[in-house]
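In our numbering, the protein residues as written are 20 to 422.
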């Protein structure tokens, strides 16, 4: 994504400063191969106005533009190339420029990159020769040119593809098809669309079709800010624009592989905690009963405390290693879980600072998790507790911490 940001910025400048009838060339080559990757060289060459020798050494400085009239005539802030150089430097690469005033300019970007997801999928057993011809796909983008280009590329891949130019049309079309007992296998949705954006479109489509359909959000922007929201909206994958054939193959392969993984029967680990003892601090009798049954079913011996003060007292009287872990509710009378955990960490017991203390609470917001950590707790499980997550967490702290 960052590399794309750099290249689009340089290409945009090349187009901006090249007059009608001029030429802009973009090329990429493998400059040097290593065991774990390759150094790729990207070159953007234009026949535009060029850059003077005096200004060339300052071209990557923030807010630098060759003349005061540049902003008025061409727009821009003078930050694009400074940001581009910063990104390339952080990637361990190099960006250079050559120019002759009135003749043209050439930018060269050298970046070392690793193995692609597509390459990993190609070498994954039984996953390298997917046939996409059975996939019915819908492209949703308010830019008709993007839709038509994507359709051509998808059809080259043997995929049945249709397009619509708005989120509302996409939702309507998906609903009509669904009512007929049919559906699209994959739906590619642009993030930035007027009236209804890609996330809202995805959310409404997911409400119609359930988990069967793979939804991919496409964007030319940095998607890191929307990853969590996209997941909540039911989006399976995010991919960058422009949509090259290779990136579509990679995305579709990954989507199909993940769908296949989801349909495989899940093998539950056979946890065995025989001989291990835990201290459970919980003031609710029903919650205590359920937790004890869950823990004893995997071999745990369980001691219970009805509040934090009692848990503190019970732990203080034990020898090192008597308890393998403490499960602590947060809201309890006499002494809450946070206070109890903090006090346990300050006891003189040899294992007071090292015993795993795990919060089990309905308080599952970020600030609650931070409070748990600040009090000395090691993990935070939200109620109702998922048994599989409970066992995995206990296993990680009891067995793997000592490895």
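Every residue, glycine too, gets a C-beta built ideally from N, C-alpha and C.
Owing to the predicted nature of the structure, the values given are computational and were not obtained by experimental measurement.
Spatial distance of residue 299 from residue 339 (CA atoms):
Pairing residue 299 with residue 339, the inter-Cα distance amounts to about 17 Å.
Look at the alpha carbon of residue 207 and the alpha carbon of residue 366, and state the distance between them as a whole number of angstroms.
So the two alpha carbons sit approximately 57 Å from each other.
Do residue 160 and residue 50 have their C-beta atoms within less than 8 Å of each other?
Not closer than 8 Å, so no.
Give the DSSP-derived three-state secondary structure of residue 301 in the structure shown.
Note: residue 301 maps to coil in three-state DSSP.
Residues of its chain near residue 204, where Cβ-Cβ distance is below 8 Å and the 5 sequence neighbours each way are ignored
Closer than 8 Å at the Cβ level, and outside the excluded window around residue 204, lie 153, 154, 155, 156, 232, 233.
How would you write the range of the beta strand (DSSP E) that residue 210 sits in, first residue to last?
That residue, residue 210, is in no beta strand (DSSP E); it is neither H nor E in DSSP.
For the segment 243-250 against the segment 191-203, are there 3 or more C-beta pairs whose distance is under 8 Å?
Result no; under three Cβ-Cβ pairs closer than 8 Å.
For the putative contact between residue 116 and residue 78, defined by C-beta atoms under 8 Å, what is the C-beta separation to the nearest angstrom?
The beta-carbon separation of residue 116 and residue 78, rounded to 6 Å, stays under the 8 Å limit for a contact.
In whole angstroms, what separates the C-alpha of residue 327 from that of residue 378?
Spanning the two alpha carbons is a distance of roughly 12 Å.
For residue 400, which residues in the same chain have their Cβ closer than 7 Å to its Cβ, ignoring the five residues on either side in sequence?
Hits under 7 Å: 377, 378, 379, 408, 409, 412.
Within 8 Å, strictly: CB atoms of residue 252 and residue 218:
Taking 8 Å as the cut-off, the beta carbon of residue 252 is found closer than this to the beta carbon of residue 218.
Below 8 Å, can you find three or more Cβ-Cβ pairs linking the segment 108-124 to the segment 64-73?
As far as the Cβ criterion goes, the segment 108-124 touches the segment 64-73, which means the pair count is three or higher.
Would you list the residues sitting across from residue 296 in a DSSP beta bridge?
Assignment of beta-bridge partners to residue 296 by DSSP yields 320.
Since residue 344 and residue 394 are thought to touch, with beta carbons under 8 Å apart, how far apart are those beta carbons, to the nearest angstrom?
With a Cβ gap of about 16 Å, residue 344 and residue 394 do not count as contacting.
Residue 397 to residue 342, Cα distance in whole Å?
Distance between residue 397 and residue 342, taken at the CA atoms: about 15 Å.
Reference residue 295, options 199, 370, 315, 26, closest by Cα
For the residues 199, 370, 315, 26, the minimum Cα distance to residue 295 belongs to 315.
So is residue 81 buried or exposed if we call it buried at 16+ other beta carbons inside 10 Å?
Residue burial annotation: residue 81 is exposed, with fewer than 16 other C-beta atoms found within 10 angstroms of its C-beta.
Less than 8 Å between the C-beta atoms of residue 260 and residue 237, yes or no?
The Cβ-Cβ distance between residue 260 and residue 237 falls below 8 Å.
Under 6 Å Cβ to Cβ from residue 375, same chain only, skipping five residues before and after it: list those, please.
Here the set comprises 344, 397, 416.
Beta-carbon proximity of residue 214 to residue 187, cut-off 8 Å
A Cβ-Cβ contact shorter than 8 Å links residue 214 with residue 187.
What does DSSP give as the partner residues of residue 52 in its beta bridges?
For residue 52, which the question treats as bridged, DSSP gives the partners 57.
Pick out the complete alpha helix (DSSP H) segments inside the segment 113-201, 4 residues or longer, and give them in chain order.
You should have 136-141, 163-175, 186-198.
For residue 221, tell me which candidate among 249, 202, 30, 199 has the shortest Cα-Cα distance.
Of 249, 202, 30, 199, the residue nearest in Cα terms is 249.
Is it true that the CB of residue 331 sits closer than 8 Å to the CB of residue 297?
Not in contact: residue 297 and residue 331 (Cβ atoms no closer than 8 Å).
Taking 8 Å as the limit between beta carbons, can you name the residues of its chain near residue 88, skipping five residues before and five after?
Unreliable positioning characterises residue 88 in this predicted model, as indicated by a pLDDT of 49, which lies under 50. A coordinate reading is not provided.
DSSP three-state assignment for residue 289, whether helix, strand or coil:
Residue 289: coil per DSSP, three-state reduction.
For residue 362, which of helix, strand or coil comes out of DSSP?
Residue state, collapsed to three classes: helix.
N-terminal and C-terminal residue of the alpha helix (DSSP H) that residue 247 is part of:
Run containing residue 247: 246-251, per the alpha helix (DSSP H) assignment.
Using CA atoms only, rank isn't needed, just tell me which of 270, 356, 289 is closest to residue 302.
Closest option to residue 302, Cα to Cα, is 356.
Find out if the Cβ-Cβ distance for the pair residue 103, residue 43 is shorter than 8 Å.
No, these two residues do not count as a Cβ contact at 8 Å.
Cβ pair residue 337, residue 368 closer than 8 Å
Yes, the pair counts as a contact, with Cβ atoms nearer than the cut-off.
Are residue 35 and residue 71 closer than 8 Å when you measure CB to CB?
Annotated as distal: residue 35 and residue 71, with beta-carbon spacing of 8 Å or more.
Look at the alpha carbon of residue 45 and the alpha carbon of residue 271, and state the distance between them as a whole number of angstroms.
Distance between the alpha carbons of residue 45 and residue 271 is about 27 Å.
Taking the C-alpha atoms as reference points, what is the distance between residue 200 and residue 226?
Cα to Cα, residue 200 sits roughly 15 Å from residue 226.
Alpha carbon to alpha carbon, how far is residue 134 from residue 113?
When the Cα atoms are used, residue 134 and residue 113 turn out to be separated by approximately 20 Å.
Would a C-beta distance cut-off of 8 Å place residue 235 and residue 190 closer than the cut-off?
No, Cβ-Cβ distance for residue 235 and residue 190 is not below 8 Å.
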